[in-house]
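Quick notes on the structure that follows.
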Amino acid sequence: MSSPTDTPTGAPAGAPAPSPAADAAGVAAVVYNPIKVDLEAIKRVVATAEAQAGWGETLWFETSKEDPGQGAAKQALDAGATVVIAAGGDGTVRAVAEVVHGSDAALALLPSGTGNLLARNLNLTLDNLEHSINTAFTGTDRRIDIARIEIRHDDDSVSKHAFLVMAGLGLDAKMLASTNDELKARIGWLAYVGAIITALRDKNQLRMKYSLDGGSTKSVRAHTMIVGNTGLLTANVLLLPEAVIDDGQFEIVMLRPEGFLSWVQILVKVLWENGVLRRTPIGRRMMSKEVDALNYVKGREIVVKLNHPEEIELDGDGFGTATAFKARVDAGGLRVRVPQA
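Structure follows, in structure tokens:
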């Protein structure tokens, strides 16, 4: 819903809000999660930035449990916003991007919450309100890939979504499904510890068939499958080392551990080799070959059919259970504000 600040003081009840000034450089809209942001602090910084940039009056739209951001973002575009600022966590960013994608507006990020994975992968500031807001008003646009996904659920319904970072099945989705939201809000990533332990105790494997880019169908058993548009997780963990946010491709990883030693192989590969050795030419020469427990593939489109319904997540939010899905990359489909070079 929109906040009371959307209608100017003194406007007749029910009257449409005036259009932005014709000579304004642009108009920003802030779509904010009221639980995760300090709204008054944001408004103070925005007022200064919009005045300095010579922009029209900023519009304000609040998300809710019923509308995590899509409806608010549509209102922002309908009101003439040229930049839509997503103020919240990864879920808010994903929901806003789903609507801004394909429009003439750009998405700007005001990170908040525990993940902020898109901001991390774009090397944007995570805790500097002034810098993030100034980037929204004075930055430049960068085109990045956005993923589109169709999920077939266990009731045979099909839902369509977008994601920017990763889609996951298996351990990844089960961990998120087991995480207490209230605890997460209070203590952040520590809330995932118990959920990880619960998920690791689950011995069930994914049994599925998949095809890449219309190619041959392959059968596989895996503990986890992650389809990545970007590769960096929190704590600087590089899970998908060849995932590039503007190369028009996914990098997909399948975790297939067969026991304790396999998990050790995975941790060494992800935390040590991807996170440390890969960052220097000498280190890259020291890296080991691929291990059986960790299989990487790349492609523009992936179709997956599961033997049994499995939990699925997009950008850190659960989307119920899936029996199949198709995901594709829309190359350069989203404009994101980044700082001037």
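Counted the way the numbering used here counts, the sequence shown spans residues -2 to 338. Every residue, glycine too, gets a C-beta built ideally from N, C-alpha and C.
The Cβ-Cβ distance between phenylalanine 322 and glutamate 147 falls below 8 Å. With a cutoff of 8 Å on beta-carbon distance, valine 261 and leucine 291 are scored as not near each other. Annotation: the continuous alpha helix (DSSP H) that includes lysine 40 extends over 36 to 50. When DSSP states are grouped into helix, strand and coil, asparagine 292 belongs to the strand group.
Using a Cβ distance threshold of 8 Å, tryptophan 52 and glycine 23 count as a contacting pair. For alanine 133, the enclosing alpha helix (DSSP H) covers residues 126 to 135. Excluding five sequence positions before and after valine 267, the CB atoms of its chain that fall closer than 8 Å to its own CB belong to Val234, Leu235, Leu236 and Leu291, given in chain order.
Secondary structure at asparagine 118: helix, using DSSP grouped into helix, strand and coil. Fully contained in the segment 306 to 337 are the following beta strand (DSSP E) runs of length 3 or more, in chain order: 314 to 335. The Cβ atoms of valine 80 and threonine 60 lie no closer than 8 Å to each other.
Under the three-state reduction of DSSP output, alanine 73 falls in the helix class.
Separation of glutamine 246 and threonine 227 (C-alpha to C-alpha, rounded to the nearest whole angstrom) is 10 Å. Inside the segment 74 to 112, DSSP marks whole alpha helix (DSSP H) runs of 4 or more residues at positions 87 to 97, from first to last along the chain. For lysine 215, the enclosing beta strand (DSSP E) begins and ends at 215 to 219. By the neighbour-count criterion, in which 16 or more other beta carbons inside 10 Å mark a residue as buried, aspartate 142 falls on the buried side. Between the alpha carbons of lysine 206 and glycine 212 lies a gap of roughly 12 Å.
The DSSP-derived three-state label of glycine 68 is helix.
In this chain, the beta strand (DSSP E) harbouring isoleucine 249 covers 247 to 252. Between isoleucine 32 and the set Val301, Arg325, Lys62 and Gly167, the nearest pair of CA atoms involves Lys62.
For arginine 204, the CB contacts under 6 Å within the same chain, skipping 5 residues up- and downstream, are Arg218 and Asn304 in chain order. Boundaries of the beta strand (DSSP E) around alanine 159: 155 to 160. Excluding sequence positions up to five before and after leucine 123, its CB lies within less than 8 Å of the CB of Pro108, Asn113, Ala116 and Arg117, all in the same chain and listed in chain order. For valine 97, the closest of Glu298, Gly136 and Ile82 by C-alpha to C-alpha distance is Ile82. Residue range 25 to 29 is occupied by the beta strand (DSSP E) that includes valine 28. Our two residues, arginine 334 and glutamate 255, have alpha carbons roughly 43 Å apart in a direct line. Alanine 319 places its beta carbon less than 8 Å from that of proline 306. Taking the CA atoms as reference points, asparagine 30 sits about 14 Å from alanine 94.
Annotation for serine 208: the continuous beta strand (DSSP E) segment containing it runs 203 to 209. In this structure, DSSP gives leucine 230 a state outside helix and strand, which the three-state scheme calls coil. 8 Å or more divides the Cβ of leucine 209 from the Cβ of isoleucine 130. Between threonine 221 and leucine 166 the beta-carbon gap is near 7 Å, inside 8 Å, which marks them as a contact.
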